[in-house]
Amino acid sequence: MKVEVIDGAFDPYEQISRYQGQITIKGKFGAVACFIGTMRDFNENERVHSMTLEYYPGMTEKHLSNICDEAAKKWPVIDCLLIHRVGQINIGDSIVLVAVWCAHRGDAMDACRFIIEDIKSKAPFWKKEKLDEGDRWVEKNSSGHSNSL
Amino acid sequence: MAITVKYFAVLRERFGKSEDSLNFEDGITVADLWEKTMNGEDMPKDLMVAVNMEYTKSNTLLKDGDEVAFFPTVTGG
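Read top to bottom, the protein sequences are chains A and B. According to my numbering, the stretch in the first sequence is residues 5 to 153, in order. According to my numbering, the stretch in the second sequence is residues -19 to 57, in order.
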């Protein structure tokens, strides 16, 4: 399992490929479920130019590790890779990567969903958006579907 | 007892600081700490609190050396 909080752009597809190449589980997994969160140029009917992500050094990493451990208790997770950006983030940048390796697709997708939903509601990160007119703290994450909060 | 208090996001900006090192008498809770540091202001309903980097409730009793963090609803991912 690998958990990382990074201040700087990363390529999630390269990270998945590299991590999978390092882990010695070839033949054991039949599914890799991935979630990649990406910076939009709109939020709550406003144009967004960029954003800054703040975090709680120490607690954030600990919380992310705990989420992965918890997922591994609920599902037969073989391995997990979790990377989350902090600092300034530009349109189109990857914000978060969750990748879960399991023997079967159902477990991989359920564990991946569990981890990202926990991050959305409990991991100590805070987004501040740069809009046409000034900055705005994001007060809450959306439910994850269009036209809903 | 010595308590370190941390503020994040909008709270950090609002109070103009990210951290306080304070001394209090024994026996105070998280809610007492909020009241003393915020001059009696009510705790926001959506306030999140951690003690020593673990989520906790407002009635948690603090001890010497604790690190308490106050922050708004999280918005990562």
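Ideal Cβ positions, reconstructed from N, Cα and C, are used throughout, including at glycine.
With three or more CB-CB distances shorter than 8 Å, the segment 115 to 130 of chain A counts as touching the segment 43 to 56 of chain B. As for any alpha helix (DSSP H) of minimum length 4 sitting wholly inside the segment -4 to 23 of chain B, the runs are 10 to 17, ordered along the chain.
When DSSP assignments are scanned along the segment 18 to 52 of chain A, the uninterrupted stretches of beta strand (DSSP E) that are 3 or more residues long and fall wholly within it turn out to be 35 to 42.
Between B/F51 and chain A, the shortest Cβ-Cβ separation is below 9 Å.
Judged by DSSP in its simplified three-state form, B/T(-16) adopts strand. Take B/E47, set aside five residues on each side of it, and the residues of its chain with a beta-carbon closer than 6 Å to its own are T(-16) and N32, in chain order.
Residue state for B/K37 is assigned as coil, using DSSP reduced to three classes. For B/M28, the enclosing beta strand (DSSP E) has its first and last residue at M28 to V31.
Counting other Cβ atoms within 10 Å of its Cβ, A/K77 stays below 16 and is therefore classed as exposed. Among the residues facing chain B, A/F129 is included, as its CB has a counterpart in that chain under 9 Å away. Here B/A(-11) has F51 and P52 as same chain residues with Cβ atoms under 7 Å from its own Cβ, once five neighbours each way along the sequence are excluded.
Annotated three-state conformation of B/D46 is coil, per DSSP.
For B/F(-5), not one C-beta of chain A is nearer than 9 Å to its own C-beta.
Exclusion of the five residues before and after A/R44 leaves V52 as the residues of its chain whose Cβ lies within less than 7 Å of its Cβ.
The contact set of A/Y60 on chain B, defined by CB atoms closer than 8 Å, consists of K(-14), F(-12), A30, M33, A49 and F51 in chain order.
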